[in-house]
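A.B. asks:
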Amino acid sequence: MSGRLAIIAGGGGLPAALAAADPGACCIAFEGAEVTLPEDRVSRHRMERLGDLFAALRAEGVSRVVMAGAMSRPAFDPAALDVTTTGLLPHLMAAMQQGDDHLLRYVIRMFEEEGFAVVGVTDILPDLIAAPGLLAGEDPTAIARKDIARGRAILEALSPHDVGQGCVVAGGLCLGIETLQGTDALLRFVGETPAHLRREGGGVLIKRPKTGQDLRVDMPTIGPDTLRAAARAGLDGIAIAAGGVLLLDRAEILSLCRDHGLFLLADP
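Note that the working numbering numbers the sequence shown so that position 261 is 676, with each residue one more than the last.
#1: For a quick check, are the C-beta atoms of glycine 426 and valine 450 less than 8 Å apart?
#2: Use the C-beta contact count for methionine 482: other C-beta atoms within 10 angstroms, 16 or more gives buried, fewer gives exposed.
#3: Of all the alpha helix (DSSP H) runs that stay within the bounds of the stretch 454 to 540, which reach a length of 4 or more residues?
#4: Indicate whether leucine 570 and leucine 680 have their beta-carbon atoms separated by less than 8 Å.
#5: Leaving out the 5 sequence neighbours to the left and right, which residues in its chain are closer than 8 Å to alanine 421 when beta-carbon positions are compared?
#6: Buried or exposed: where does methionine 462 fall if 16 or more other Cβ atoms within 10 Å of its Cβ makes it buried?
#7: When you compare each of Ala470, His517, Arg665, Gln628 to arginine 488 by their alpha carbons, which one comes out closest?
#8: Assign glutamine 513 to buried or exposed, taking buried as 16 or more other Cβ atoms, counted over all protein chains shown, within 10 Å of its Cβ.
#9: Can you say whether histidine 506 is buried or exposed, counting buried as having 16 or more other CB atoms within 10 angstroms of its CB?
#10: Indicate whether lysine 625 and valine 660 have their beta-carbon atoms separated by less than 8 Å.
#11: Classify methionine 486: buried if its beta carbon has 16 or more other beta carbons within 10 angstroms, exposed otherwise.
#12: Name the two residues that bound the continuous alpha helix (DSSP H) containing aspartate 599.
#13: Are the beta-carbon atoms belonging to aspartate 599 and alanine 654 less than 8 Å from one another?
#14: Just to confirm, are glycine 618 and aspartate 562 a CB contact at a threshold of 8 Å?
#15: How long is the line joining the alpha carbons of glycine 535 and isoleucine 544, rounded to whole angstroms?
Written as structure tokens, this is what we have:
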């Protein structure tokens, strides 16, 4: 579908990359959200007034919506609710009591029922995903390959519980699982693991979408900060799902892999 794009922006560098790729896009952020876009480029809206948001998008000629960047779960002010949000609130609150995937699926459906097509980041920036293969560093050792396979199995087992998109495995032991706090918190925790609890091999961060996840929103992402945190945690490398994880600033990621001796594998 053609037509004007709206970027629903959260934190991080991804919304800015999308805005640069489509200078005519309408940039939206909810009140209180920390975004890296210039404020004169952003239109602010209240989560309690979704009816106003939908009306504003139509007035701007928007037909497509992409959601990008980290967003926190909102707190609603009952006194500020408009009629549209009042009608949606019971379903929205029920979705918020579940995992991120349930909530995002409901948000997608909410926009679609209002007549907007929800597109993925890779529809706008297809170069952000990687084809299968070794992207940087030396081939993973046999131990690292086993850790990658174990990490995949762990994430697949957790997928029905809508927990997270990453874990760290070293010498067959799971050193941590990504939860609501995110990848940086996971790697910080792993880095604090005492040496006597870690077996052979530094370990691998495995980053993959949940099984059946709608990749139009909340696609797993790694960036330069992920590489720096992995190096501080003493890992040997990172294994991502080919075609299923966004690479923010690929050139710097690959440079950091070389600098720190990390491998980066796009796992089929």
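For each residue, glycine too, the CB sits at the ideal point set by N, CA and C.
C.D. replies: According to the data block:
#1: Contact: yes.
#2: It is buried - the Cβ of methionine 482 has at least 16 other Cβ atoms within 10 Å.
#3: Entirely contained in the stretch 454 to 540, the alpha helix (DSSP H) runs reaching 4 residues are, in chain order, 465 to 474, 498 to 511, 515 to 528, 536 to 539.
#4: No, the pair does not count as a contact, with Cβ atoms beyond the cut-off.
#5: Closer than 8 Å at the Cβ level, and outside the excluded window around alanine 421, lie Ala440, Cys441, Cys442, Ile443, Leu472, Glu475, Val477, Arg479, Val480, Val481, Phe531.
#6: With 16 or more other CB atoms across the displayed protein chains lying within 10 angstroms of its CB, methionine 462 is buried.
#7: When the alpha-carbon of arginine 488 is set against those of Ala470, His517, Arg665, Gln628, the nearest one is in His517.
#8: When all chains shown are included, glutamine 513 counts as exposed.
#9: Counting other Cβ atoms within 10 Å of its Cβ, histidine 506 stays below 16 and is therefore classed as exposed.
#10: Taking 8 Å as the Cβ cut-off, lysine 625 and valine 660 do not qualify as a contacting pair.
#11: Methionine 486 should be labelled buried.
#12: Annotation: the continuous alpha helix (DSSP H) that includes aspartate 599 extends over 598 to 606.
#13: No, Cβ-Cβ distance for aspartate 599 and alanine 654 is not below 8 Å.
#14: The answer is yes: Cβ separation under 8 Å.
#15: One C-alpha to the other measures close to 12 Å.
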